[in-house]
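What follows is a short report on a single structure.
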Amino acid sequence: PPQTPIRAAMNSIKMLRGDLPSSGDQPSSNLATYFKNCTVDPTQGIQKRLEMLGQVFSQKFGEAVGPHCIVYGRERFTLGVRLYYKVMEAMLESEEKRLSVQNFSKLLNDSTFHMSLLACALEVVMATYEESSFKNRGCSHGEGDQAVRDLCFPWILDVFDLSAFDFYKVIESFIKAEPTLSKDIIKHLETCENLIMEKIAWRTGSPLFELLKREHEAGATEQAEPPAS
Amino acid sequence: SHDYHFGLEEHEGISELFDCD
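Written out as structure tokens, the structure reads:
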């Protein structure tokens, strides 16, 4: 039977929590092996970054929704970290098959990669909760709709001071690596992609302009792609 | 995910996107 929007949202949250058990708070033994195989073990760097970003996220969440809701921000961050580790492991397994390598030192020591991946995981968590939590838990202080709007993409980019151009890079690989994503969430990520492609990636300060300038100075030798592709 | 347009080709992946090839 068709579900009410609230029931559908609650089921999505239940499924998200079910797919991300508490054992995922730390890297799995498989993921830890990828870390150890790196020329430079990224484990400590990843841990420190997560601690720092967790504090930033919770603080910004509280500022957006209300100080009494910081605990919900921490809850969402915890789920985001579990999803981040899960997708990271799946991505590395896929890359290992594709490239026949086990040492991903450069990628796993790239701070931008980790921030982009974590931001994407948190965006999935936020989108899953979007329809139900604030309106049902009384966190709104009379401003429920505004709070939900404030947390919508690209809010997470501002929280992490992450460029849209870098965030965009992880989206497709994220969708490929996580087959349990619902149709609604995939649609949401696609909307984020379109927003970035059409607007946000072209804002002042985007790294895209520097890259385009470098390409232009290097001298384009290939023909431009036809509009169809 | 059948409605999502996958743009990366077979020789492309997260490693290339972050200049780790």
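Chains as they are written, first to last, in the working numbering: chain A, 1203 to 1431; chain B, -18 to 2. Heads up, the beta-carbon is just placed ideally off N, CA and C, and yes, glycines get one too. Please read these numbers as outputs of a predicted model, since none were measured by experiment.
If you compare alpha carbons, which of A:Lys1378, A:Ser1231, A:Asp1227, A:Val1361 is closest to A:Lys1262?
For the purposes of this step, residue 1262 of chain A is taken as residue 60 along the first sequence, with counting starting at 1. The residue among A:Lys1378, A:Ser1231, A:Asp1227, A:Val1361 with its C-alpha nearest the C-alpha of A:Lys1262 is A:Val1361.
Nearest-angstrom beta carbon gap, A:Ser1260 and A:Phe1279 [assumed within contact, 8 angstroms]
Within the first sequence, the letter at position 77 stands for residue 1279 of chain A. Within the first sequence, the letter at position 58 stands for residue 1260 of chain A. Between A:Ser1260 and A:Phe1279 the Cβ distance is about 6 angstroms, and since that is below 8 angstroms, they are a contact.
Suppose you measure from the CA of A:Thr1245 to the CA of A:Pro1203; what does that come to, to the nearest Å?
Locating residue 1245 of chain A in the first sequence gives position 43, counting from the first residue. Locating residue 1203 of chain A in the first sequence gives position 1, counting from the first residue. Taking the Cα positions, A:Thr1245 is about 47 angstroms away from A:Pro1203.
A:Leu1364 beta carbon less than 8 angstroms from that of A:Met1293
For the purposes of this step, residue 1293 of chain A is taken as the residue at position 91 of the first sequence. For the purposes of this step, residue 1364 of chain A is taken as the residue at position 162 of the first sequence. No, the pair does not count as a contact, with Cβ atoms beyond the cut-off.
Under DSSP, the alpha helix (DSSP H) around A:Tyr1286 begins and ends at which residues?
Residue mapping note: residue 1286 of chain A aligns to position 84 of the first sequence, counting from 1. Unbroken alpha helix (DSSP H) run through A:Tyr1286: 1272 to 1301.
Proximity test, Cβ basis, 8 angstroms: A:Asp1312 and chain B:
Here residue 1312 of chain A refers to the residue found at position 110 when the first sequence is read from its first residue. True, the Cβ-Cβ gap to chain B drops below 8 angstroms.
Would a C-beta distance cut-off of 8 angstroms place A:Asn1484 and A:Gln1304 closer than the cut-off?
Given a span of 1203 to 1431 for chain A in the structure shown, any question on residue 1484 of chain A remains unanswerable.
Assuming A:Leu1320 and A:Gly1282 are in contact, meaning their beta carbons sit under 8 angstroms apart, how far apart are those beta carbons, in whole angstroms?
Position 118 of the first sequence, counted from the first residue, corresponds to residue 1320 of chain A. Position 80 of the first sequence, counted from the first residue, corresponds to residue 1282 of chain A. Yes, they are in contact, since the Cβ atoms of A:Leu1320 and A:Gly1282 sit about 6 angstroms apart, within 8 angstroms.
Would the beta-carbon of A:Tyr1370 fall within 8 angstroms of that of A:Ala1323?
By one-based count along the first sequence, residue 1370 of chain A stands at place 168. By one-based count along the first sequence, residue 1323 of chain A stands at place 121. The Cβ atoms of A:Tyr1370 and A:Ala1323 lie no closer than 8 angstroms to each other.
Proximity below 8 angstroms, CB of A:Phe1355 to CB of A:Glu1325:
Counting from one through the first sequence, the residue named residue 1355 of chain A turns up at place 153. Counting from one through the first sequence, the residue named residue 1325 of chain A turns up at place 123. A:Phe1355 is a Cβ neighbour of A:Glu1325, given a cutoff of 8 angstroms.
How about A:Lys1288 and A:Gly1226: are their beta carbons less than 8 angstroms apart?
Position 86 of the first sequence, counting from 1, holds the residue named residue 1288 of chain A. Position 24 of the first sequence, counting from 1, holds the residue named residue 1226 of chain A. Pairing A:Lys1288 with A:Gly1226 gives a Cβ-Cβ distance under 8 angstroms.
Distance between A:Ala1211 and A:Asp1368 (C-alpha atoms, nearest Å)
The residue labelled residue 1368 of chain A in the question sits at position 166 within the first sequence. The residue labelled residue 1211 of chain A in the question sits at position 9 within the first sequence. Between A:Asp1368 and A:Ala1211, the C-alpha separation is close to 29 angstroms.
Could you name the residues of chain B that A:Leu1359 contacts, counting a contact when the two beta carbons are closer than 9 angstroms?
On the first sequence, position 157 is the one that residue 1359 of chain A refers to. At a C-beta separation below 9 angstroms, A:Leu1359 has no neighbours in chain B, since its nearest C-beta there lies roughly 17 angstroms away.
Counting contacts by CB-CB distance shorter than 8 angstroms, is A:Glu1374 in contact with chain B?
Along the first sequence, one-based indexing puts residue 1374 of chain A at 172. For A:Glu1374, the nearest CB of chain B lies under 8 angstroms from its own CB, placing it at the interface with that chain.
In three-state terms, what does DSSP make of A:Gly1226?
Walking along the first sequence from the start, residue 1226 of chain A turns up at place 24. A:Gly1226: helix per DSSP, three-state reduction.
Determine the direct distance from the alpha carbon of A:Thr1330 to that of A:Ser1302, and round the result to whole angstroms.
By 1-based counting over the first sequence, the position of residue 1302 of chain A is 100. By 1-based counting over the first sequence, the position of residue 1330 of chain A is 128. Rounded to the nearest whole angstrom, the CA to CA distance from A:Ser1302 to A:Thr1330 is 35 angstroms.
Helix, strand or coil, according to DSSP, for A:Asn1432 in the structure here?
Given that chain A is displayed from residue 1203 to residue 1431, the structure contains no residue 1432 of chain A and the question cannot be resolved.
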